[in-house]
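If you use this note's numbering, the sequence shown corresponds to residues 15 to 536, in order.
Where is the CB? At the ideal position from N, CA and C, for every residue including glycine.
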Amino acid sequence: EHSSSFRPHLRNMASIGDFDPLNASIPATKVEITVSLCVLYTQGISNKEWREFGRTEVIENTLNPEFVRKFILDYFFEERQNLRFDLRMKKPLVGLPGKKCGNIIVKAEEMGNCRESVMMQFCGNKLDKKDFFGKSDPFLVFYRSNEDGTFTTCHKTEVVKNTLNPVWQAFKIPVRALCNGDYDRTIKIECYDWDRDGSHDFIGEFSTSYRELSRGQSQFNVYEVVNPKKKGKKKKYLNSGTVTLLSFLVDIEVTFLDYIKGGTQINFTVAIDFTASNGNPTQPTSLHYMSPYQMNAYAMAMKAVGEIIQDYDSDKMFPALGFGPKLPPDGRVSHEFALNGNPQNPYCAGIDGVMEAYYQSLKSVCLYGPTNFSPVINHVARYAASVKDGSQYFILLIITDGVISDMAQTKESIVNASCLPMSIIIVGVGPAEFDAMIELDGDEVRISSKGRYAERDIVQFVPFRDYTDRTGNHILSMARLAKDVLAEIPDQFLSYMRIRGIKPSPAPPPYTPPGHPLQTQI
15 EHSSSFRPHL RNMASIGDFD PLNASIPATK VEITVSLCVL YTQGISNKEW REFGRTEVIE
75 NTLNPEFVRK FILDYFFEER QNLRFDLRMK KPLVGLPGKK CGNIIVKAEE MGNCRESVMM
135 QFCGNKLDKK DFFGKSDPFL VFYRSNEDGT FTTCHKTEVV KNTLNPVWQA FKIPVRALCN
195 GDYDRTIKIE CYDWDRDGSH DFIGEFSTSY RELSRGQSQF NVYEVVNPKK KGKKKKYLNS
255 GTVTLLSFLV DIEVTFLDYI KGGTQINFTV AIDFTASNGN PTQPTSLHYM SPYQMNAYAM
315 AMKAVGEIIQ DYDSDKMFPA LGFGPKLPPD GRVSHEFALN GNPQNPYCAG IDGVMEAYYQ
375 SLKSVCLYGP TNFSPVINHV ARYAASVKDG SQYFILLIIT DGVISDMAQT KESIVNASCL
435 PMSIIIVGVG PAEFDAMIEL DGDEVRISSK GRYAERDIVQ FVPFRDYTDR TGNHILSMAR
495 LAKDVLAEIP DQFLSYMRIR GIKPSPAPPP YTPPGHPLQT QI
């Protein structure tokens, strides 16, 4: 048995075939897992129960089975998706408890057809005249067929007015929306004459598939538009015109995973609010209170977000900063002090190291103020500015009670940082109104400073109180918190790479175990 935090979590999701491509939250991508093994289990995000996802075929008479069956899972950057692989053999494995019984090799690759888009253009010829005055106003409707034989609309062209020989504009559509990634699945196309009152007249229809269309402009891609009713009534009826494919271009989108596989590192920095508005840490009412029974909101937010991000950072060394306290021995106020007490090297080992440094610093500093965000933003921005080649991306997590003193400077820092490889996550703890934080988030109104607008949206804000449940069971809410604050990161990351024209580096060759031993009889 072998567990792996490869990080797909299967939220008992609908399959991609159930998506309406025009208004659905589509998973970031799908990944294909090749396993030399047997039964795959996935773990529920809330109840942590293991559920069987699928099994490979049985391979007999070898100690080095290579299974053909692949498991296809949805991948979510923002969730920890635990997988368990159980290896089963009819002959009992002979060996001492705890003795190594062999290796399991897990390979994961992103499925290509999830990220292909296709650009197509069609024209019509001699379509039926449907309007009493003038000609027809034709448009096309594309349908993908579903597993159960039903059809789902996936694209409509624009209407070309008053012609029987329309040339429609080229359009782009994801392959998964057009045929669910299945190249031989039927694609049905209907042709209508547009009417102002919405009672569009049916001209006719034809069917094709992605594989046929991919032949491009040729005699194979001239289609007769047929109206079945007319065909049934008139013996001499041939068709209601033809539709021709003019062009077919496949475009492959690069994804977040392409950059990660190419070696881009995600650097994670934490900044904690040590201002007096949080309350005295020795009092239970304080947001920094250290109860022996449960973690405070600061610790929970740090752990929830950090545990996901740390899997994308190979050295797992995280700078941890604080802002707003008076520091020993002289009581000077600092807006970017190292939680571990070492300004030259503020790195902590893993999320546990960050938590330990946080607890230690609470014992030695005095909460004070004001609450200035810009120094910690500028701190991370200095690092981000030194590596703009796409090899590194920086995420700053600011945890705060939301009472901010340097709003104008913070806005300027965010506008400056928006052209750097970085994103900022703000988690607001406590009961305050977080109007200033919502303004910084910039989802409603793009953030600006002195007339300059941010190049891209790099801030995501969430109030911690939305994730604490009344029962005190924080585990579910922490997984949801991490999911919500991290869900925007891949798109923010890709927007930086796109604007800068940075392509992913090629992935290193896949791991192959040293010297495959000879097949062994059991």
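Where does the unbroken alpha helix (DSSP H) through ASP287 begin, and where does it stop? For this step, residue 287 is matched to residue 273 along the sequence shown. Element bounds for ASP287: not the alpha helix (DSSP H) but the beta strand (DSSP E), 279–287.
Taking the alpha-carbon of PHE507 as reference, which of LYS425, PHE408, PRO445 and GLU426 has the nearest alpha-carbon? Indexing the sequence shown from 1 puts residue 507 at position 493. Of the listed residues, the one whose Cα sits closest to PHE507 is PHE408.
Return the residue from the list ALA521, GLY367, VAL417 and GLN297 that minimises the CA-CA distance to ASN320. For the purposes of this step, residue 320 is taken as residue 306 along the sequence shown, with counting starting at 1. Sequence check: residue 320 is Gly here, not Asn. The option with the nearest alpha carbon to GLY320 is GLY367.
Counted within 10 angstroms of its Cβ, other Cβ atoms place THR299 as buried (16 or more) or exposed: The residue you call residue 299 lines up with position 285 of the sequence shown. With fewer than 16 Cβ atoms within 10 Å of its Cβ, THR299 is classed as exposed.
Collapsed DSSP secondary structure at ASP457 in the structure displayed: By one-based count along the sequence shown, residue 457 stands at place 443. In the structure shown, ASP457 adopts coil according to DSSP, grouped into three states.
Contacting residues, own chain, Cβ-Cβ under 8 Å from LYS144 (five flanking each side not counted): Here residue 144 is taken as the residue at index 130 of the sequence shown, counted from 1. Cβ neighbours of LYS144 within its own chain (closer than 8 Å, five residues either side excluded): SER150, ASP207, ASP215 and ILE217.
Is there contact here, the stretch 366–386 with the stretch 395–408, by at least three beta-carbon pairs under 8 Å? no
Beta-carbon separation (whole angstroms), PHE220 vs VAL257, contact threshold 8 Å: Taking the sequence shown and counting its residues from 1, one reaches residue 220 at position 206. Taking the sequence shown and counting its residues from 1, one reaches residue 257 at position 243. Right, the Cβ-Cβ distance comes to about 7 Å (below 8 Å), so this counts as a contact.
List the residues that DSSP assigns as beta-bridge partners of ASP265. Within the sequence shown, residue 265 is the residue found at index 251, counting from 1. In DSSP, ASP265 forms a bridge with SER131.
Between THR222 and the rest of its own chain, which residues show a CB-CB distance below 6 Å, the 5 nearest in sequence each way excluded? To locate residue 222, count along the sequence shown from 1; it is residue 208. Hits under 6 Å: ILE201.
Alpha carbon to alpha carbon, how far is GLY230 from TYR312? Numbered from 1 along the sequence shown, position 216 holds the residue referred to as residue 230. Numbered from 1 along the sequence shown, position 298 holds the residue referred to as residue 312. Between GLY230 and TYR312, the C-alpha separation is close to 57 Å.
What does DSSP give as the partner residues of GLN358 in its beta bridges? For the purposes of this step, residue 358 is taken as the residue at position 344 of the sequence shown. For GLN358, which the question treats as bridged, DSSP gives no partner whatsoever.
DSSP three-state assignment for CYS380, whether helix, strand or coil: Reading the sequence shown from its first residue, position 366 is the one you call residue 380. Strand, per DSSP.
In chain order, which continuous runs of the alpha helix (DSSP H) of length 4 or greater are located wholly inside the stretch 307–348? 311–323
Got a sec? Which residues, its chain only, sit under 8 Å from SER305 by beta carbon, not counting five neighbours each side? Your numbering for residue 305 matches position 291 in the sequence shown. The residues are PRO298.
Determine, using beta carbons only, whether SER437 and LEU454 come nearer to each other than 9 Å. Here residue 437 is taken as the residue at index 423 of the sequence shown, counted from 1. Here residue 454 is taken as the residue at index 440 of the sequence shown, counted from 1. Between SER437 and LEU454, the C-beta gap is not smaller than 9 Å, which leaves the two residues out of contact.
Drop a sphere of 10 angstroms on the beta-carbon of VAL72, count the other beta-carbons inside from all chains shown, and report buried for 16 or more, exposed for fewer. What you label residue 72 is simply residue 58 of the sequence shown in a count that begins at 1. In this structure VAL72 is exposed. Its beta-carbon is surrounded by fewer than 16 other beta-carbon atoms within 10 angstroms.
Over the uninterrupted beta strand (DSSP E) stretch that includes ARG69, give me the two end residues. Here residue 69 refers to the residue found at position 55 when the sequence shown is read from its first residue. Run containing ARG69: 64–69, per the beta strand (DSSP E) assignment.
Please tell me whether GLN95 and THR56 are closer than 9 Å, where the distance is taken between their beta carbons. Taking the first residue of the sequence shown as position 1, residue 95 is located at position 81. Taking the first residue of the sequence shown as position 1, residue 56 is located at position 42. Yes, they are a contact pair.
Is PHE478 buried or exposed, if buried means 16 or more other CB atoms sit within 10 Å of its CB? Translated into positions along the sequence shown, residue 478 becomes position 464. PHE478 is buried by the Cβ-count criterion.
For a test of the three-state rule: what should DSSP assign to PHE478, helix, strand or coil? One-based indexing of the sequence shown puts residue 478 at position 464. Looking at PHE478 - three-state DSSP - the assignment turns out to be helix.
LYS464 to ASN194, Cα distance in whole Å? By 1-based counting over the sequence shown, the position of residue 464 is 450. By 1-based counting over the sequence shown, the position of residue 194 is 180. Roughly 47 Å between the two C-alpha positions.
Less than 9 Å between the C-beta atoms of ALA334 and CYS362, yes or no? Sequence index remark: in the sequence shown, residue 334 carries index 320 (1-based). Sequence index remark: in the sequence shown, residue 362 carries index 348 (1-based). Yes, the pair counts as a contact, with Cβ atoms nearer than the cut-off.
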